[in-house]
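Written out below as structure tokens is the structure these notes cover.
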Amino acid sequence: MLVVVALVLALFFAGYEASRPGLRQIMPTLVLAALAAAGRILFGPIPDFKPVSAIAIIAGATLGRRNGFMVGALAALTSNFFFGQGMWTPWQMYAWGLVGYVGGALAYAGVFDRVDGTVRMPALLAYGFASGLLYGVVINAYDIIGFVQPLTWAGAVARLATAVPFDITHGLATCVFLAALYKPWCRRINRVVVKYGL
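Rendered as structure tokens:
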């Protein structure tokens, strides 16, 4: 399963590289990834209360789904130089990347913003909460495959049950960060996108 996750990441990064983005296109993505990584480290003492998912969603909504994926994946990779690299790193990269990608797809479909530019806050926060559960599904899959021995339905369900409070905390934290950051950050990022024709 780790091979599948690594292959998906490799294909995604290769596709991103093949599009040959210029420095102007890459810089906002790198800045947001750095902010997400720094936020994860800053809130490190509080389990599962991190801004990474929210920032990945914002990146996806403003810069497109692929950039949302890149922000989530790079934030996981770089912040794990502080928290520790391991077999879990590709899973975290994929999970947070997926959160940003889906967020970008939903934003592109008009789920988060109305035509007049106002934010559909209930829809945004609903996905924010769901993204904590989405992240949890991927990470819990890694946990079950790697550590539940022997692998049984009962063991998998028990492991999932212990993860639910953490996934809910992650979802609520994402809602808090989205409520605080989405409007002002999107406004500033969209201004940069328009100014530099990104």
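Residues 4 to 201 (the numbering used here) are what the sequence shown spells out, left to right. Backbone N, C-alpha and C fix where the C-beta goes; we use that ideal spot for every residue, glycine too.
Taking its Cβ as the centre, do 16 or more other Cβ atoms sit within 10 Å of residue i, making it buried, or is it exposed?
{"i": "PHE72", "result": "buried"}
{"i": "GLY103", "result": "buried"}
{"i": "PHE115", "result": "buried"}
{"i": "TRP156", "result": "exposed"}
{"i": "LEU38", "result": "buried"}
{"i": "PHE180", "result": "buried"}
{"i": "LEU35", "result": "buried"}
{"i": "ASP119", "result": "exposed"}
{"i": "VAL197", "result": "exposed"}
{"i": "GLY75", "result": "buried"}
Less than 6 Å between C-beta atoms, sequence neighbours within five positions excluded: which residues of the same chain meet that for residue i?
{"i": "LEU80", "result": "MET96"}
{"i": "ASN70", "result": "THR32, ALA62"}
{"i": "PHE132", "result": "GLY174, CYS178"}
{"i": "PRO54", "result": "GLY42, PHE180"}
Tell me whether the beta-carbon of residue i lies closer than 8 Å to the beta-carbon of residue j.
{"i": "ARG162", "j": "ILE147", "result": "yes"}
{"i": "ASN141", "j": "ALA98", "result": "A quick correction: the sequence has Val, not Asn, at residue 141. Contact: yes."}
{"i": "LEU136", "j": "ALA57", "result": "no"}
{"i": "TYR138", "j": "ARG68", "result": "no"}
{"i": "ALA41", "j": "GLY106", "result": "no"}
{"i": "ASN193", "j": "THR65", "result": "yes"}
{"i": "THR172", "j": "PHE52", "result": "yes"}
Excluding sequence positions up to five away, which residues of its chain have a Cβ less than 7 Å from the Cβ of residue i?
{"i": "PHE85", "result": "ILE44"}
{"i": "LEU109", "result": "PHE115, TYR130"}
Alpha helix (DSSP H) runs wholly inside the stretch 24-94, at least 4 long, in chain order = 26-45, 55-66, 68-86
contact_flag[the stretch 125-139, the stretch 37-49] where n(CB pairs < 8 Å) is 3 or more = no
In chain order, each alpha helix (DSSP H) run of at least 4 residues that lies wholly inside the stretch 87-132 = 91-111
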